[in-house]
Each structure stands twice: as structure tokens, then as C-alpha cells.
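Each residue of the sequence shown is one higher than the one before, starting from 53 at the first, in the numbering used here. Even glycine gets a Cβ: it sits at the ideal position worked out from N, Cα and C.
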Amino acid sequence: MYYINRIELGRTLAGRVSDLKGQEAVVIALKEDALTACIGLASEINAWVFPLLSKRIIIPGDPRVVGLIDPAGMFTWNPDLEKPQRDGIELESRSVLEDIKRQAFSELNRILDQYGTFSKDGLNGRVLLLTGDIVEDRIEIAMALEYLKSVRYRALYGLGGNVDSTAADYFHLQTDKDVALDVMTHMFPAEHYFEQKDSYTPEECRLLVTNISQYWT
């Protein structure tokens, strides 16, 4: 499926969950690239936006994504790696992996500082919408599920524009309701699916996220 831009993608997703309008749901952005889509969604259903950003961990010389560091500094393994693969990485590259984790967490903190303070406690009792734009794999979803384990949410949704079939199955199994505008078995790079570049600069996006209620329709 193709879109004019990410705002349109978010508004299209909003049409699939219009029953949530006015319930003060929280749209959880699975990555920074998805924030514009999240803004489009949140502005239509009067929701808040929570930037659950992370950093992917890749060991030099190994093309695989090993896992992610989340805002709390916790590491989540890539769910596509089997246990023997994880054990091998820890055995062969443990010290390198730990150094990369620390560096990634430091870089992530610098980014998150630009968004202000977002408390996980504010997610309790809410309907949470895990939202991606172009969801190419399961890794950010796995990180979000781990991050939210201590949260007593009312319901958990999984939303995406174009979603890899494996990720779509994962959404379906792990959430109370899932919406994928298009489920795909082969995907191009994300920008292939948009006619226009993002409407907002990263700086404008961050400002909108922290003031989203001013833009509710």
C-alpha cells in the first residue's frame, strides 16, 4: 500500500480505531521515524503520544541486529535470533556487546532529552496503541512488550501501515486488537511507500509530541 505521507498513514489508522476517540488513549511510537504517523493518528482520536524510542545493537563485522536498548537502559534480544545464536554472541563478543550497549544508551539519552520527561506511570489504566509506520520486523514490538511488562494498561493494540507478515502475526498474538493496513511478505525500504517526505522536521516533531493536545480535532 502507498501513502501520500506519514500523516495520511496515521489518519488512516485513526479511522480503524475511531471508537477510541476521547478515551485519552496513548499512541506509543515504536521508533522515531514513526512519530509523524503517530501525530496524525493521535490528533484524530484525541490521544497522547509516548515516544518509546530505542537504539538497535549491531556488532561490527556481524550484519545481524542483535537487539535493542530501551529508554530504561534494558536490553532486549532480537526475537528472530534462536537461543544457540544468542549464546554464541555472548560467548564470542560479550565485552564488545556490553560496550556497544553502554554507548547506545548514552546516545539514546541525548535524543530522549529533547522530548522532555515521559513517565511510564502515566501509562497505567490507559489503552495503549503500539504504532509503527512501516513495520519491517518484530524487534521494536518485542522491546515494547518487555518495557511495558510492569504497566497495568487497560488494553493493548498493535497498529501499523505496511507490516511484515511475521510482525503482523506477532501483533495478533501479543495484543488485544491489531490493525495492519497492508500485510506484506516482501518489503522495500520505508521511503518507497510515501509520495512525499515528512511534513515536519525532527525538531518540529518533538515539539508536536509534547504539545499534541493543542492539535486535537
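Cβ of residue i within 8 Å of Cβ of residue j?
| i | j | result |
| --- | --- | --- |
| Val-101 | Ile-110 | no |
| Ile-91 | Val-261 | yes |
| Tyr-205 | Asn-176 | yes |
| Phe-127 | Lys-107 | no |
| Pro-119 | Trp-129 | Rather than Pro, the amino acid found at residue 119 in this sequence is Gly. Closer than 8 Å, so yes. |
| Thr-237 | Val-79 | no |
| Ile-191 | Pro-131 | yes |
Can you have a look at residue i and say buried or exposed, based on whether 16 or more other CB atoms are within 10 angstroms of its CB?
| i | result |
| --- | --- |
| Phe-246 | buried |
| Phe-240 | exposed |
| Asp-71 | exposed |
| Ser-171 | exposed |
| Tyr-222 | buried |
| Gly-125 | exposed |
| Lys-83 | buried |
| Arg-58 | buried |
| Asp-216 | buried |
| Glu-159 | exposed |
To the nearest angstrom, how far is it from the Cα of residue i to the Cα of residue j?
| i | j | result |
| --- | --- | --- |
| Leu-143 | Glu-256 | 43 Å |
| Ala-207 | Ala-99 | 14 Å |
| Leu-61 | Ser-265 | 19 Å |
| Asp-122 | Gly-140 | 23 Å |
| Glu-76 | Arg-178 | 7 Å |
| Asn-214 | Leu-65 | 11 Å |
| Val-148 | Gln-155 | 11 Å |
| Leu-211 | Val-231 | 5 Å |
Helix or strand or just coil, what does DSSP make of residue i?
| i | result |
| --- | --- |
| Asn-130 | coil |
| Leu-82 | coil |
| Tyr-55 | strand |
| Lys-107 | strand |
| Thr-64 | helix |
| Gly-119 | strand |
| Asp-189 | coil |
| Val-235 | strand |
| Lys-73 | coil |
In the DSSP assignment, find the unbroken alpha helix (DSSP H) run with residue i in it and report its ends.
| i | result |
| --- | --- |
| Asn-214 | From DSSP, Asn-214 is part of no alpha helix (DSSP H) but of the beta strand (DSSP E) over 207-216. |
| Phe-157 | 135-164 |
So with Cβ pairs under 8 Å, would you call residue i a contact of chain D?
| i | result |
| --- | --- |
| Val-69 | Absent from the structure is chain D; it holds one protein chain and no more. |
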